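For the sequence shown, the numbering used here assigns the number 6 to the initial residue and increments by one for each residue that follows. The C-beta atom is built at its ideal place from N, Cα and C for all residues, glycine as well. Quantities reported herein were computed from a predicted structural model and do not represent experimental measurements. Structure record follows, encoded as structure tokens.
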Amino acid sequence: MVALLLGLGLFEEEVFAALGHLWHPGGAPVAVPGLTTHGWAVAISYRLLYAVLNVALLHLLLRGRYTVAAVLGYAAGYVAGAGLLWLGQRASLPFAALTGHRVLDVLSSPLPVMFAYPLALLTGPGRPCQGPKTARKL
């Protein structure tokens with residue numbers, strides 16, 4: 006799992022090219038100036054692939070604890086990053102657009118796992134997530 010994450014980052018251009026051939030088999034993707042040079046489908050696929058691998062790695066490392074929190078954290082981060090990027094583009098605020106790009110770039114790296122795993126260990130052993138069946142009855 007770690008090797009997949011590192012490989013995804015190290016061979017980013019090759020992954021983008023492969024996703025580009027998958028989404029646009031007959032031609033070049035439609036670039037959106039200031040947002041993506043690979044096309045929307047390729048950019049979103051790459052980000053989601055990275056997020057899924059990060060959450061899966063955290064799920065394995067933490068034995069099922071905090072998986073829902075990791076998914077919600079990634080969702081919130083991607084919404085915040087995309088919102089800042091959109092705001093920066095629409096309102097001509099280059100700082101907001103750059104910050105949105107940076108947020109999305111950090112989420113598409115091993116950094117969240119490198120910070121979340123030790124923080125989760127500091128919270129104590131806890132119980133593994135069992136799903137909705139473990140909800141306490143009133």
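Are residue i and residue j close, meaning C-beta to C-beta below 7 Å?
i      : j      : result
HIS43  : PHE21  : yes
GLY88  : LEU109 : no
ALA125 : LEU67  : yes
GLY78  : LEU90  : no
ALA75  : LEU62  : no
Taking the beta carbon of residue i as the centre, do at least 16 other beta carbons fall within 10 Å, making it buried, or is it exposed?
i      : result
GLY14  : exposed
ARG70  : buried
LEU127 : exposed
VAL118 : buried
Using only the alpha-carbon positions, how far apart do residue i and residue j sit?
i     : j      : result
LEU24 : ARG52  : 11 Å
LEU11 : HIS29  : 25 Å
GLU19 : ARG95  : 31 Å
ASN59 : ARG107 : 17 Å
VAL84 : ALA46  : 16 Å
VAL73 : TYR122 : 14 Å
Return the first residue and the last residue of the alpha helix (DSSP H) that residue i is part of.
i      : result
MET119 : 116-127
PHE100 : 99-112
GLY82  : 72-95
ARG52  : 45-66
Indicate whether the contact test is met: 3 or more Cβ pairs, each with one atom in the segment 111-118 and one in the segment 87-103, closer than 8 Å. no
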